[in-house]
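There are 4 protein chains.
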Amino acid sequence: MEKGTTEEKIQAAVNAIEKRGYTARPIPGGDRVSIGILHNKGSVDAAHFLGLDGVKEVIPVTKPYKLVSREFQQENTHVKVGDAVFGNGSLPVIAGPCAVESEKQVMSIAKSVKDAGAKIFRGGAFKPRTSPYSFQGLGKQGLKLLAKVREETGLPVVTEVMDVENFDVVEEYADIVQIGTRNMQNFSLLRRAGKSYRPVILKRGMSAMLQEWLMAAEYIMEEGNNNVILCERGVRTFVRHSRNTLDLSVVPAAKKESHLPIIVDPSHAAGVRDQVVALSYASAALGADGVMIEVHNNPDEALSDGAQSLYPDQFFDLMKKMNAIHAIVGEK
Amino acid sequence: MEKGTTEEKIQAAVNAIEKRGYTARPIPGGDRVSIGILHNKGSVDAAHFLGLDGVKEVIPVTKPYKLVSREFQQENTHVKVGDAVFGNGSLPVIAGPCAVESEKQVMSIAKSVKDAGAKIFRGGAFKPRTSPYSFQGLGKQGLKLLAKVREETGLPVVTEVMDVENFDVVEEYADIVQIGTRNMQNFSLLRRAGKSYRPVILKRGMSAMLQEWLMAAEYIMEEGNNNVILCERGVRTFVRHSRNTLDLSVVPAAKKESHLPIIVDPSHAAGVRDQVVALSYASAALGADGVMIEVHNNPDEALSDGAQSLYPDQFFDLMKKMNAIHAIVGEK
Amino acid sequence: MEKGTTEEKIQAAVNAIEKRGYTARPIPGGDRVSIGILHNKGSVDAAHFLGLDGVKEVIPVTKPYKLVSREFQQENTHVKVGDAVFGNGSLPVIAGPCAVESEKQVMSIAKSVKDAGAKIFRGGAFKPRTSPYSFQGLGKQGLKLLAKVREETGLPVVTEVMDVENFDVVEEYADIVQIGTRNMQNFSLLRRAGKSYRPVILKRGMSAMLQEWLMAAEYIMEEGNNNVILCERGVRTFVRHSRNTLDLSVVPAAKKESHLPIIVDPSHAAGVRDQVVALSYASAALGADGVMIEVHNNPDEALSDGAQSLYPDQFFDLMKKMNAIHAIVGEK
Amino acid sequence: MEKGTTEEKIQAAVNAIEKRGYTARPIPGGDRVSIGILHNKGSVDAAHFLGLDGVKEVIPVTKPYKLVSREFQQENTHVKVGDAVFGNGSLPVIAGPCAVESEKQVMSIAKSVKDAGAKIFRGGAFKPRTSPYSFQGLGKQGLKLLAKVREETGLPVVTEVMDVENFDVVEEYADIVQIGTRNMQNFSLLRRAGKSYRPVILKRGMSAMLQEWLMAAEYIMEEGNNNVILCERGVRTFVRHSRNTLDLSVVPAAKKESHLPIIVDPSHAAGVRDQVVALSYASAALGADGVMIEVHNNPDEALSDGAQSLYPDQFFDLMKKMNAIHAIVGEK
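Chains as they are written, first to last, in this note's numbering: chain A, 14 to 345; chain B, 14 to 345; chain C, 14 to 345; chain D, 14 to 345.
Right under this line is the structure:
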C-alpha cells in the first residue's frame with residue numbers, strides 16, 4: 014500500500030481480496046502496510062487490485078514461503094520486548110540458566126546478567142529431555158519464579174513451550190514464548206503459536222534446511238502472529254569436537270531471504286564453555302540480531318547443561334567485548 | 014522372574030519394589046515376565062529382591078534406556094496386529110498410499126496390495142507438510158475411509174497422529190498409530206502414545222542417533238505401552254541423489270541394543286521409484302522385521318509423494334521377490 | 014557408430030573429429046562403438062559428422078561428465094578380470110584380508126575364500142593409515158605375496174595404490190588397481206590410472222556427491238582407460254552406531270547416470286562384523302555388480318581392521334546365501 | 014629441556030634417545046626446546062632420560078598424535094613468513110585471486126590487497142578441479158607470475174601443490190606451500206611436505222574430524238617440518254544455503270589440542286560474497302591466527318570461483334573492520 018494509507022483503504026483492499034475467495038493478511042512494516050494474499054490456487058491476476066485506492070503495487074512472490082519472505086516485505090521486521098528490539102540493528106542479549114531450579118538461583122543469575130547488560134532473562138520451566146528419567150523442569154512453579162524475576166528486575170522473560178496443552182499457561186507468564194529445536198516442525202504447536210499475542214522465538218531444527226525453517230515460521234505468520242524471531246542453535250553434523258555445528262552462514266542467508274530477525278544461541282551448539290565465548294564474539298561480529306547465552310551462578314552443580322554455562326564474571330567480560338565488536342560492525 | 018511364575022508372585026514382587034519408592038513395570042516376554050525397576054536414584058540393591066519367591070535374577074541395566082534394552086529383556090518383543098506379527102522372524106509388509114484421497118482410491122489400492130500379500134494398509138489422514146499451503150490430509154473423513162477399507166478387506170490400518178489433540182480419534186479408528194519423523198522427540202505426544210491401547214510405529218527422526226531413538230521409545234514404554242515398532246526411514250546427509258539416506262546398518266545395530274521389532278520404510282528415504290524397489294529388496298535381505306511401502310493406483314496424479322509410489326503391478330512383483338529373499342535369509 | 018562398422022570407418026570418423034580441433038575417444042560397447050568428442054568449447058555442430066560413413070547418430074551430452082555417462086553409452090560396460098565379469102548382471106565377490114601380513118596368512122585366507130566361491134583376492138600392501146605410527150603395510154614384499162597367491166590359487170588380485178611413485182610396481186603385480194577413498198580426488202593419481210593397462214576400482218570419497226565421483230571416473234576415462242569399477246564404501250554422517258553409513262541408494266542412482274559397473278564394500282562402511290553380514294545380503298539383493306568383503310583367518314590378531322573381518326566359516330555361509338539372493342533378483 | 018640448554022646437551026639427549034632405538038625429534042618452542050620421542054612400541058621408561066644434563070621433565074603423551082599436541086609442547090608455535098607471524102596473537106591476512114590468470118590480473122590485485130594491509134598474496138597455479146574439462150591453472154607459468162608479484166610488491170606468496178611430482182618447483186617459487194582439502198590424507202604428499210624447507214598450510218578435509226586433521230599434520234611434523242599452519246575452510250553437511258558449512262568451533266577446539274596456528278578461509282566455505290564478508294568478521298572475532306580471503310579485480314569474469322571473490326574496495330573496508338575487531342578480542 015502507499016505510505017500513510019488510511020485504515021479504511023486498507024480494509025477496502027482486504028475486502029476486495031477476500032471477495033475473490035483469497036485470504037488477506039495485512040502486515041505493518043516500518044513505513045507502509047503490506048497485504049499478503051494467501052490460499053490462492055494458481056497465480057493471482059494483479060489487475061484485480063491495482064486500481065484500488067491506496068494500492069501501490071502488486072508483487073508476485075516466487076518463493077514457496079510468502080509472508081516471511083523479503084520479496085513480500087522488504088523492510089526488516091522489528092520485534093519489541095521491554096527495552097529490547099530485535100531486527101533494528103541493535104544487539105539485544107538474552108541470558109540465564111538452562112533450567113529454572115530455585116528462586117535463589119534465578120534471582121542471583123538475573124541480577125548478574127542484568128548488571129552485565131542483558132535485556133531479557135531466559136530459563137526453562139518445561140524441559141525437553143532425551144531421557145524420561147532426566148530432570149524435566151519445575152513446570153508451572155518454574156513459570157512463577159520467572160514472573161518473580163520480572164517483577165524484581167524488570168527484565169522480560171523467555172521460556173520454552175513444549176505442547177499445545179501448556180501453551181496457555183506459558184503464554185500467561187512469559188514475555189516471549191520459545192519453540193524448541195525438536196518441535197520446529199510440530200505443526201499443531203506452530204499453529205497455536207500463530208494465534209498467540211506473544212512474540213515467538215523459533216529455534217532451528219537439528220537438521221533443518223533454511224527453507225524448511227522459514228516454512229515453519231510461515232505456519233506461525235499464516236495464523237496471524239508477525240512477531241517471529243529465528244534462532245540458530247547449531248545443526249547436527251559428523252563433527253565430534255562440539256555438540257553441534259553452529260552454522261553462522263545461515264545468518265546472512267536468512268536475512269537475504271526473510272525480513273524476520275535472527276539471533277544466535279552458541280551455548281547449545283558448542284556444549285563447552287570456551288567455545289561458547291569464542292562463538293559469542295563471532296555472532297556479534299556477524300551481524301546477528303541478538304545472542305542468547307546460558308549463564309549459571311554455579312555451573313558445576315547445574316541440573317542441566319552445566320558445562321556450557323558461563324560464570325557470571327565471564328559473562329560480564331563477554332558483554333563488554335560483544336558490545337565493542339557490535340559497535341564496529343553495526344556502523345552501516 | 015522364573016518361567017511360569019504365578020500372577021500372585023509377580024504382584025508380590027511389584028509390591029516389594031514399589032514399597033521401596035521405585036516404580037515397577039512388568040513386561041511379558043515370550044517365556045517369562047521381566048519387571049523393570051524405574052525412577053531409582055543411584056543403583057538398586059539386588060539383595061532386596063533376590064530372595065523373593067519367583068525372582069530368578071536381578072540384572073542391573075547399564076544403558077541410559079532401560080525398558081527398551083536387550084539387557085533388560087533378551088527375547089524379541091512380538092507385536093501382533095491382525096495376521097501380522099512384527100518381531101518373530103516373519104516379514105509383514107505394510108502398503109498403501111501416502112495420503113488418503115478418496116474412497117475409490119483407497120479401495121482400489123487396498124485390494125491390490127492385499128492380493129499381493131500385504132498384511133496391513135497404510136494411508137495418511139493427517140499429513141505433516143513442510144508448507145502450510147500444501148494439502149494437509151482429509152482429517153477425520155480420511156480416518157473413516159480407512160475404517161471402510163478395514164471392513165471391506167479385513168486389513169488392519171495404520172495412520173499417523175500429529176498431536177495430542179487428535180490422538181483419541183486416531184486411536185479409535187486406527188489399528189496401529191504412527192508417530193512421524195518430525196515428532197520423534199515430541200515428548201508430550203510420546204507420553205500420550207504410552208497410554209494408548211494401540212501398537213505404535215515410531216519413525217526415526219531425520220537426524221536421530223540410535224540412542225536418542227531408543228530413548229524416545231523408552232518414553233512410550235515408560236508410560237505402559239510395550240507394543241512399539243521402530244521404523245527406519247532415512248536420515249539427512251549431504252547426499253543429493255536421494256531424498257534421504259536410508260541407514261540400513263541401524264537395523265542390526267538396533268536389534269543388538271533392543272528387543273523391539275524394527276521395520277524399514279524405503280519410500281520416504283529414496284523419494285524415487287526405482288530406488289524404492291532396490292531398497293525394498295535390500296531391506297528384506299537385511300533381516301528387518303517388516304517393510305512399509307507406498308503404492309498408488311495413479312502415482313502421477315497423487316496429491317503427495319507420487320514420484321516415490323509404486324504402481325500396483327510393480328508392487329505385486331516386488332512382493333514375490335521380497336518373500337523369496339526373506340525365505341533365504343530367514344532360515345536361522 | 015552403426016553396428017559392425019569397420020575399423021577404417023571408425024578411424025575416419027576419429028580423424029574428422031580431430032581435424033576440427035577436438036579430441037576423439039572411441040569406446041567399444043557391447044554391440045557398437047561410441048566415439049566421445051572431448052575438449053570442445055561450446056556446442057559441437059552435429060552436421061559436421063552426421064554425413065560420415067558409419068555414423069549412426071550424434072548425441073549431445075547434457076551432463077557435466079561425458080564418457081562415464083549413460084547418455085553417451087547406453088549399454089553397461091563389462092569389466093573382465095580372470096573369471097569375473099563386472100557389469101553383466103553377475104555378482105562376482107572380491108574377498109581377502111585388509112592387509113597382507115605374511116605368506117601363511119594370505120595363503121590360508123585365499124584358499125578359504127576361493128573354496129567359498131570368491132572370484133578375486135584382495136589384500137593391502139600399501140596401507141593408507143590415519144596415523145603415521147600405525148602399520149603401513151609390507152609394501153613391495155606384500156605385492157610379491159599377492160603374486161604368489163595368484164600363482165597358487167589362480168585368483169586375480171586387487172590391491173591399493175597410494176601414489177604415482179608406486180603406480181608402476183603396483184600395476185606390475187596387481188590384476189586390478191584400487192584407488193582408495195582418501196584419494197578419490199587425487200587428480201594426478203587419477204590421470205596416471207587413466208594411462209594404466211589395468212582395470213581400476215575407484216572407491217567413493219568419504220563425503221563425495223555422486224556427481225563428483227563420476228567426475229573422478231571421467232578423469233580416468235579421459236586419459237583412455239575404460240575399465241573403471243565404482244565402489245561404494247560408506248559415507249561420513251552424524252551416525253555413531255557404524256563407522257560410516259553405507260549409502261545403498263547410490264547403486265541404483267549411479268546405474269541410472271552411468272554405464273560403469275558399481276560394487277559395494279560393506280566391511281569398511283560398517284566396521285562391525287554382524288553389520289557386515291547383514292549389509293552383504295542387502296548388497297546382493299540390491300542389484301550391485303559385485304561385493305568386496307574382508308575375511309581373515311584370525312581376525313582377533315589382524316594388524317588392521319580385525320573387528321570388521323569375517324571368519325572363513327562365516328564367509329562360506331554368507332556366499333551361499335548371497336548367491337541364492339542374487340539368483341532371485343538377477344532374473345530380469 | 015631446561016631454558017637455555019646448550020646445543021651440545023640437546024645433541025647428547027638426542028643421542029641417548031636414539032641409542033635406545035627410538036627416533037628423537039627436537040622442536041624449538043618460544044623459550045625452550047622439546048624433544049619428541051617417536052617410534053616407540055609401548056611406553057617409554059622416563060628414568061632413562063631424567064638424569065641427563067639439561068632434561069627438565071619427561072611427559073608421556075596420551076593422545077594418538079604427539080608432535081602436534083599441546084601436551085607435548087605447551088607454547089604456541091609461531092610460523093614467520095615475511096612480515097607475518099602466525100600463532101603469536103596477531104591476525105595476518107592472506108589475500109588474492111582463486112587462480113592466477115595473467116600478469117595484469119595478479120599485479121592489480123596484489124597492489125590492492127597490499128594497500129589494504131594483507132601480508133601475504135595467494136593465487137592458484139595448479140588448480141584441483143572436479144571436472145577434467147575445467148581450467149586447470151597456468152602451472153609453472155603461474156608460479157613465475159607469483160614470483161613477479163613478490164618482486165614488485167614484496168609480499169610473500171602462497172600457492173597449492175597438488176602432487177609430489179610438482180613439489181620441487183612449487184617449493185622453489187612459493188614462500189608457503191598449501192596442501193588442499195582433497196589432499197589432506199594424501200600421505201605421500203604429506204611426507205614430502207614434511208621434508209620441505211617451506212612452511213605448509215594444511216587445509217582441513219571436506220569431512221575430516223579434528224583428530225584426523227591433526228594426524229595429517231603429524232605426518233608432516235614427523236618428517237621434520239615444524240612450520241605447519243592449519244586452515245579451516247568449511248565442511249560438508251546437509252546444508253544448501255552455503256557451499257560448505259564453516260565450522261568455527263574447530264578453532265578454539267584445535268587450539269586446545271594443539272600448539273599449531275590455525276587460520277580460517279571463509280571464501281571457499283561460503284561460496285557467496287556477502288556470506289564471506291560476515292564470516293570474515295566472525296573469524297577475526299573468534300581468535301583465529303589469520304584469515305585467507307579471495308579478492309579479484311574483476312570477479313564477474315574470474316576463471317574460477319568468481320561469485321565468492323570480494324571486490325578490492327570491499328576488501329579494503331573489510332580489513333579496517335577486521336583489524337578493529339581483532340584489537341578488541343586480542344587484548345588478553
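Ideal Cβ placement from N, Cα and C applies to all residues, glycine included.
query                                                                                                                                                                           : result
Take C:Lys345 and list the residues in its own chain whose beta-carbon comes closer than 7 Å to its own, dropping the five residues that flank it on each side.                 : Below a pLDDT of 50, predicted positions are generally treated as unreliable, and C:Lys345, at 48, falls in that range; no measurement from the model is reported.
Is the Cβ-Cβ distance between D:Val248 and A:Ala291 less than 8 Å?                                                                                                              : no
Is there contact between the segment 257-275 of chain D and the segment 298-311 of chain D, where contact requires at least three CB pairs shorter than 8 Å?                    : yes
For C:Ile214 and C:Glu235, what's the separation of their Cα atoms in angstroms?                                                                                                : 16 Å
Report all residues from its chain with a CB closer than 7 Å to the CB of D:Leu202; omit the five preceding and five following residues, and keep chain order.                  : Asp176, Val177, Ile192 and Asn196
Shorter than 8 Å from the beta carbon of D:Met197 to some beta carbon of chain A?                                                                                               : no
Among C:Asp313, C:Phe329 and C:Val304, which residue has its Cα nearest to the Cα of C:Ser103?                                                                                  : C:Val304
Buried or exposed, going by whether 16 or more other CB atoms sit within 10 Å of the CB of C:Phe374?                                                                            : Only positions 14 to 345 of chain C appear in the structure, and residue 374 of chain C is not among them; the question remains open.
So B:Glu185 is in the beta strand (DSSP E); what residue range does that whole segment cover?                                                                                   : Careful: B:Glu185 lies outside any beta strand (DSSP E), inside the alpha helix (DSSP H) at Phe180 to Tyr186.
Given C:Leu223, which residues of its chain have a CB within under 8 Å of its CB, disregarding the five upstream and five downstream residues?                                  : Val263, Ala266, Ala267 and Glu270
A:Ile40: which of A:Arg33, A:Lys32 and A:Leu51 sits nearest, CA to CA?                                                                                                          : A:Leu51
Could you name the residues of the segment 218-250 of chain A whose beta carbon sits closer than 7 Å to any beta carbon of chain D, in the order they occur along the chain?    : Ser220, Met222, Leu223, Val248 and Thr250
Among residues of its own chain, excluding the 5 on either side of D:Ala337, which ones have a beta-carbon nearer than 8 Å to its beta-carbon?                                  : none
Determine, using beta-carbon pairs with one atom in the segment 319-330 of chain D and one in the segment 273-283 of chain D, whether at least three such pairs fall under 8 Å. : yes
List the residues of chain A that D:Val264 touches, going by C-beta distances under 8 Å, in chain order.                                                                        : Ala291
Does any C-beta atom of chain C lie closer than 8 Å to the C-beta of B:Ile338?                                                                                                  : yes
Applying the 10 Å Cβ sphere with the 16-neighbour rule, what's the burial state of B:Lys32?                                                                                     : exposed
What do you reckon, are the CB atoms on A:Ser293 and A:Ile306 nearer than 8 Å?                                                                                                  : yes
Taking only three categories from DSSP, how would you classify C:Phe200?                                                                                                        : helix
Looking only at its chain, what residues have a beta carbon closer than 8 Å to the beta carbon of D:Thr258, apart from the 5 residues adjacent to it on each side?              : Gly247, Val248, Arg249, Thr250, Val252 and Ala282
Taking any Cβ of chain B, which residues in the segment 172-186 of chain A have a Cβ under 9 Å from it, in chain order?                                                         : Met175, Asp176, Val177, Glu178 and Asn179
What does D:Leu299 reach in chain A if we use C-beta pairs closer than 9 Å?                                                                                                     : Ala291, Leu292, Tyr294, Ala295 and Ala298
Can you look up C:Arg38 in the DSSP assignment and give me helix, strand or coil?                                                                                               : strand
In chain D, which residues lie with their C-beta within 7 Å of the C-beta of C:Pro77?                                                                                           : Ser144
Between which two residues does the alpha helix (DSSP H) holding B:Thr166 run?                                                                                                  : Lys153 to Thr166
What does B:Lys334 touch in chain C if you count any residue whose Cβ is under 8 Å from its own?                                                                                : Ile341 and Val342
Taking the alpha helix (DSSP H) that C:Phe329 falls in, what are its first and last residues?                                                                                   : Pro325 to Val342
Distance cutoff 8 Å, beta carbons only. Does D:Asp287 sit that close to anything in chain A?                                                                                    : yes
For B:Gln191, does the three-state DSSP call read helix, strand or coil?                                                                                                        : strand
For a cutoff of 8 Å on Cβ pairs, would you count C:Thr194 as touching chain B?                                                                                                  : no
Starting from the Cα of A:Asp326, find the closest Cα among A:Tyr210, A:Ile233, A:Gly130 and A:Thr75 and give me that residue.                                                  : A:Gly130
Can you name the residues of chain D whose CB is closer than 7 Å to the CB of A:Ala60?                                                                                          : Those within 7 Å of A:Ala60 in chain D number zero; the least Cβ separation is about 35 Å.
Under 8 Å between the Cβ atoms of C:Gly150 and C:Ala112?                                                                                                                        : yes
Tell me whether C:Ile242 sits in a helix, a strand or coil according to DSSP, three-state version.                                                                              : strand
Give the residues of chain A in contact with D:Ser255, contact being defined as C-beta atoms less than 7 Å apart.                                                               : Ser262 and Ala266
Alpha carbon to alpha carbon, how far is B:Glu231 from B:Val81? Give it in angstroms, no decimals.                                                                              : 6 Å
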